[in-house]
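Worksheet: the structure to be examined is printed underneath.
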Amino acid sequence: MIFLCDRPTKVAMFGWIFTYAVLVVLSVAALHYLSVPWLPLRLLVALLPVVPLFGILNLGMRKFREADELQKKITAEGITFGFGVTTIVTLSYGFLQANDLAPDVSFTWVWPILGAGWIVGQLLARRRYQ
Amino acid sequence: MKNRLRVLRAERKWSQAELADRLGVSRQTINALEIEKYDPSLPLAYKIARLFEATIEDIFIDEQEP
Amino acid sequence: MYGRRYNAWLAVWIGIYALLLFGSIELLDGRVVTWQPLRVLVALVPMLPAFGILALVMRTYRSIDELERKIIADGILFGFGVTAIVTFSYGFLQRFVGAPDISYFFVWVVMGSAWLVGSNIARFRYR
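Those protein sequences? They're chains A, B and C, same order as listed. Under my numbering, the first residue of the first sequence carries the number 21, and numbering increases by one thereafter. Under my numbering, the first residue of the second sequence carries the number 53, and numbering increases by one thereafter. Under my numbering, the first residue of the third sequence carries the number 57, and numbering increases by one thereafter.
See the structure below:
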């Protein structure tokens, strides 16, 4: 992910992550201390931290489009690998859950699996062209 | 695909980084092209040909017999 | 490899999956296998055809036309992004609004449909 490294991008990325962190704190505090009654409003407040994630996604997509062609290929291969690994891991976990061999856990763990698969896949892909 | 990129670059005494800058790609791409582990896209192949004032066929050798 | 042979292989793997699933359910529900580690193994056996399908997809990908490849790749990129956001959002709802815990099978539902939508969007763009 070399293409992420220039200064304006780092600043923008940091900005989005900071906004996300602030919104997490605010939204959790609001839900906990304010006892928001109306369900759709609760959903909105709970999902507020997701908005900056779209900012990060947009930033990532822009950097990808501007990237050098080989970098695009390597990144795409990394993401595909992450996609495949996540499919296998989540399906396996689903089977274990169905047979009461694993606990029901939150979906927040899916993103780390996607990310780790992506990183490993990208490292493997980079080697193919070196 | 076999290519004469390294030879052509050496003739002009350019480093990989310099060639990368002139073509608007990363040094990683130039290296991958030279060790023949990557084939350029069509637009890039044309850029390379124009830069070295040759045709694409002069630079990239397609080994397939028709 | 695309077309009939691909469909044939897919049918084979799905058939094997059905058999293994049936077998594993019989062994586990019928309490034939009781030793925990073995139960885990038996529960995961129906996953094996997934590797077969993965190998099939990879072989097919290598054999198809480059535009078709780009379309599939674009679909996967879209699927990755959508899945990340949707599952992460649902995770938030689970933790802070008490949304129900559901099976991880649904992650694949999100991944698969996002991939389909993404590749159709790409197909439309390259028309």
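Ideal Cβ positions, reconstructed from N, Cα and C, are used throughout, including at glycine. All values derive from a computational prediction rather than experimental measurement.
Query, Result
"Give a yes or no on whether 8 Å exceeds the smallest Cβ distance from A/Ile-139 to chain B.", "no"
"Anyone know if the C-beta pair for B/Ile-108 and B/Leu-60 falls short of 8 Å?", "no"
"Report yes or no: is there a C-beta of chain B within less than 8 Å of the C-beta of A/Glu-89?", "yes"
"Since I believe B/Ala-72 is in contact with B/Ile-82 (beta carbons under 8 Å), could you give me their beta-carbon distance rounded to a whole number of angstroms?", "5 Å"
"Starting from B/Pro-95, trace the alpha helix (DSSP H) in both directions and tell me its first and last residue.", "94-103"
"Pull out every residue of the segment 109-125 of chain A whose Cβ sits closer than 8 Å to any Cβ of chain C, in chain order.", "Thr-110, Leu-111, Ser-112, Tyr-113, Gly-114, Phe-115, Leu-116, Gln-117, Ala-118, Asn-119, Leu-121, Asp-124 and Val-125"
"Under a CB-based cut-off of 8 Å, is A/Tyr-149 close to chain B?", "yes"
"On the criterion of 16 or more Cβ atoms from any shown chain inside 10 Å, does C/Asp-121 qualify as buried, or is it exposed?", "exposed"
"For A/Pro-132, decide whether its Cβ has a neighbour in chain B, counting only Cβ atoms nearer than 8 Å.", "no"
"Per DSSP, B/Asn-2 forms a beta bridge with which residues?", "As shown, chain B starts at 53 and ends at 118. That puts residue 2 of chain B outside it, with no answer to give."
"Would DSSP call C/Thr-90 helix, strand or coil?", "coil"
"Could you name the residues of the segment 166-181 of chain C whose beta carbon sits closer than 7 Å to any beta carbon of chain A, in the order they occur along the chain?", "Met-167"
"Between the alpha carbons of C/Asn-176 and A/Pro-132, how many angstroms are there, rounded?", "27 Å"
"What residues in the segment 128-148 of chain C bring their beta carbon closer than 8 Å to a beta carbon of chain A?", "Ala-129, Ile-132, Leu-133, Gly-135, Phe-136, Gly-137, Thr-139, Ala-140, Ile-141, Thr-143, Phe-144, Ser-145, Tyr-146, Gly-147 and Phe-148"
"So for C/Tyr-160, helix, strand or coil by DSSP?", "coil"
"Alpha carbon to alpha carbon, how far is C/Tyr-62 from A/Ala-49? Give it in angstroms, no decimals.", "53 Å"
"If A/Leu-90 sits next to B/Tyr-98, beta carbons under 8 Å apart, how far is it from one beta carbon to the other, in whole angstroms?", "At roughly 17 Å, the Cβ-Cβ gap does not stay under 8 Å, so A/Leu-90 and B/Tyr-98 are not in contact."
"Hey, would you say A/Gly-80 sits closer than 8 Å to A/Gly-141, going by beta carbons?", "no"
"Within 10 angstroms of its Cβ, does C/Met-167 collect 16 or more other Cβ (buried), or is it exposed?", "buried"
"With H, G and I counted as helix, E and B as strand and the rest as coil, what does DSSP make of C/Ser-175?", "helix"
"With H, G and I counted as helix, E and B as strand and the rest as coil, what does DSSP make of C/Trp-69?", "helix"
"By how many angstroms is the C-alpha of A/Val-65 removed from the C-alpha of C/Gly-131?", "31 Å"
"Put A/Glu-97 into one of helix, strand or coil per three-state DSSP.", "helix"
"Give me the Cβ distance between C/Gly-135 and A/Phe-103, rounded to the nearest whole Å; I'm assuming they're in contact under 8 Å.", "6 Å"
"Could you give the C-beta distance for C/Tyr-47 and C/Pro-93, rounded to a whole number, given that I count them as a contact under 8 Å?", "The structure shown does not extend to residue 47 of chain C, since chain C is modelled only from 57 through 183, so no value can be given for it."
"State the Cα-Cα distance for the pair C/Leu-76 and A/Val-109, rounded to the nearest angstrom.", "18 Å"
"Given this structure, state the Cα-to-Cα distance separating A/Arg-62 from A/His-52, to the nearest angstrom.", "11 Å"
"Excluding sequence positions up to five away, which residues of its chain have a Cβ less than 8 Å from the Cβ of A/Met-21?", "Model confidence at A/Met-21 stands at a pLDDT of 49, short of 50, so the residue's coordinates are unreliable and nothing is read from them."
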